[in-house]
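Those letters in the sequence shown? Residues 1 to 348, by UniProt numbering. Ideal placement from N, C-alpha and C gives every residue a C-beta, glycine not left out. Treat the numbers as computed from the prediction; the structure is a model and nothing was measured.
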Amino acid sequence: MAVRPWDADDPSDAAEKGAALPGDATFVRETEPFRRELLAHCYRLLGSVQDAEDLVQETYVRAWRGYAAFEHRSSVRTWLYRIATNACLTALEHHSRRVLPSGLGAAEPDPDTVPQPGEPGTAWLQPLPDGLVAPGPDDPESIVIERESLRLALVASWQYLPGRQRAVLILRDVLAFPAAEVAEMLGTTTEAVKSTLQRARARLRQSDVAAESVAEVAEPAARALLDQYIAAFENADTLLLEKLLCQEATLEATPLRTWFAGRSTCVPFLGRQILGVPGDWRMLPTSANGQPAAVGYRRDGDGVHRAYGVAVLTVRADGIIGVVSFGDPGLVPAFGFPTDLGESTRTT
């Protein structure tokens, strides 16, 4: 359910009490069309769908309160991006960067090792449900751009940049705002924006976590790989997994810091420690970060399949090149799925 743009935890705010306010309809008409892209922007900056939703809400509260003074001195879109970007930068002052296991150390070569949890307080990157940010079906070009700019590896690489460098890079290289507009948003000069952008690009080039380049796979082929991956898990079929994973495939699973690289390591690990027996897993197809994904449910001691989290696949024409599994049941509702599948499905 959409949240009214002016909702806020402020008991003195008349709108919080449901009162009609001057300009409400105009404000909603002018600002609401940008909500989805602002959510994508905040997610790129923060790496968390929950934090992004909170900051978009804060953006609309601030925008509504400042609407009378706005006077359309810039476009509404630019104005909203200025508010959202600065709100995110303030939030980043109080949060550590969000990471994936591959950003914390080398891959584990032994498939029989016991995976180790991340350090307490580790902030993990989260997946973003496509349904929250996808453009309309009548805008295929925007759909492709949105997919590419939200890929997990790309968002993960941006997390290694300081907040201001991250913001400038995204505003300039992803959203194509002119340098002068970015300078106005951030309260700085055009020259400073250009210099910051150069430093951000250089830092990414020097980083060991630069995002991989994966050619776009046609939707039917990507869905076929996802369906087979789901079938392999639900049937505990290691032979099928071996066919699906590319030789250099990687496997990561938050909140564990241990990760694996290479089909010859990933498949034995999954077969010996994760898959269990047929029926232990149920998976439902979805999409996240412009990539095929599955919501996973694992059978508990009572035989009920309860939410485990979300697995996001990176695919190419010859198979699955990467799997990032987010072991957080709290992510499942954001994808529109229940936290358990109801009745016991225990087999006898």
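In three-state DSSP terms, what is residue i?
| i | result |
| --- | --- |
| Lys175 | Looking at the sequence provided, one finds Leu at residue 175 rather than Lys. It is coil, neither helix nor strand. |
| Val315 | strand |
| residue 352 | Examination of residue 352 is not possible in this model, given that the chain is present from 1 through 348 alone. |
| Ser48 | coil |
| Val277 | coil |
| Asp237 | coil |
| Glu252 | strand |
| Tyr81 | helix |
| Asp340 | strand |
| Arg151 | coil |
| Gln247 | strand |
| Gly303 | coil |
| Gly271 | helix |
| Leu284 | strand |
| Ser74 | coil |
| Trp124 | strand |
| Pro115 | coil |
| Gln57 | helix |
| Ser96 | coil |
| Tyr160 | coil |
| Ser207 | coil |
| Arg201 | helix |
| Gly187 | coil |
| Gly296 | strand |
| Pro109 | coil |
| Val310 | strand |
| Val217 | coil |
| Val323 | strand |
Among residues of its own chain, excluding the 5 on either side of residue i, which ones have a beta-carbon nearer than 8 Å to its beta-carbon?
| i | result |
| --- | --- |
| Met185 | Thr78, Tyr81, Arg82, Thr85, Asn86, Leu171, Phe177 |
| Leu161 | Leu169, Ala200, Arg203, Leu204 |
| Leu256 | Pro101, Pro115, Gln116, Pro117, Gly118, Gly327 |
| Ala231 | Asp237, Leu240 |
| Ala210 | Low confidence applies here, because Ala210 scores a pLDDT of 48, under 50, leaving its location unreliable; read the following figure in that light. Contacts found: Ser157, Leu204. |
| Phe337 | Leu284, Thr286, Val295, Ala307 |
| Pro33 | none |
| Asp280 | Ala236, Arg298, Arg299 |
By Cβ distance below 6 Å, which residues in the same chain neighbour residue i in space, the five residues on each side in sequence not counted?
| i | result |
| --- | --- |
| Ala156 | Leu100, Leu125 |
| Thr250 | Ala261, Gly322 |
| Val133 | Arg36, Leu39, Ala40 |
| Phe335 | Pro129, Thr286, Val295 |
| Gln247 | Arg263 |
Residue i: which of the options sits nearest, CA to CA?
| i | options | result |
| --- | --- | --- |
| Arg298 | Val315, Gly327, Gly47 | Gly327 |
| Ile25 | Val324, Arg35, Tyr43, Trp64 | According to the sequence provided, residue 25 is Ala. The question's Ile does not apply to it. Considering only alpha carbons, the answer is Trp64. |
| Pro120 | Thr254, Glu30, Lys243, Thr188 | Thr254 |
| Thr258 | Val174, Val315, Ala106 | Ala106 |
| Val312 | Leu152, Gly187, Asp280 | Leu152 |
| Ser195 | Arg164, Arg223, Gln206, Leu175 | Arg164 |
| Cys88 | Pro268, Pro333, Leu55, Asp173 | Leu55 |
| Gly271 | Ala180, Phe233, Asp340 | Phe233 |
| Arg62 | Ser75, His95, Phe27 | Phe27 |
| Pro109 | Val267, Leu197, Gly342 | Val267 |
| Tyr43 | Ala183, Ser207, Arg98, Ser325 | Arg98 |
| Glu93 | Trp281, Leu45, Gly187 | Leu45 |
| His305 | Leu244, Tyr229, Thr339 | Thr339 |
So, is residue i buried or exposed, given that buried needs 16 or more other C-beta atoms within 10 angstroms?
| i | result |
| --- | --- |
| Val114 | exposed |
| Pro127 | buried |
| Thr159 | Checking the sequence, you will find Gln at residue 159 rather than Thr. Buried is the call here. |
| Glu130 | Glu is not the amino acid found at residue 130; the sequence shown has Asp there. Classification for Asp130: buried. |
| Asp300 | exposed |
| Gly330 | exposed |
| Gly276 | exposed |
| Arg29 | exposed |
| Thr189 | exposed |
| His72 | exposed |
| Ala52 | buried |
| Gly342 | exposed |
| Ala218 | exposed |
| Thr31 | buried |
| Thr59 | buried |
| Thr265 | buried |
| Ser48 | buried |
Looking only at its chain, what residues have a beta carbon closer than 7 Å to the beta carbon of residue i, apart from the 5 residues adjacent to it on each side?
| i | result |
| --- | --- |
| Arg35 | Val56 |
| Ala222 | Pro292, Val315 |
| Ser96 | Ala123 |
| residue 366 | Nothing about residue 366 can be reported from this structure: the residues present for the chain run from 1 to 348 only. |
| Phe70 | Trp79 |
Please confirm whether any heavy atom of the ligand FAD lies closer than 7 Å to the CB of residue i.
| i | result |
| --- | --- |
| Leu100 | This structure lacks the ligand FAD; in fact it carries no ligand of any kind. |
For residue i and chain D, any beta-carbon pair shorter than 8 Å?
| i | result |
| --- | --- |
| Pro115 | Looking at the structure shown, chain D is missing, and only one protein chain is on hand. |
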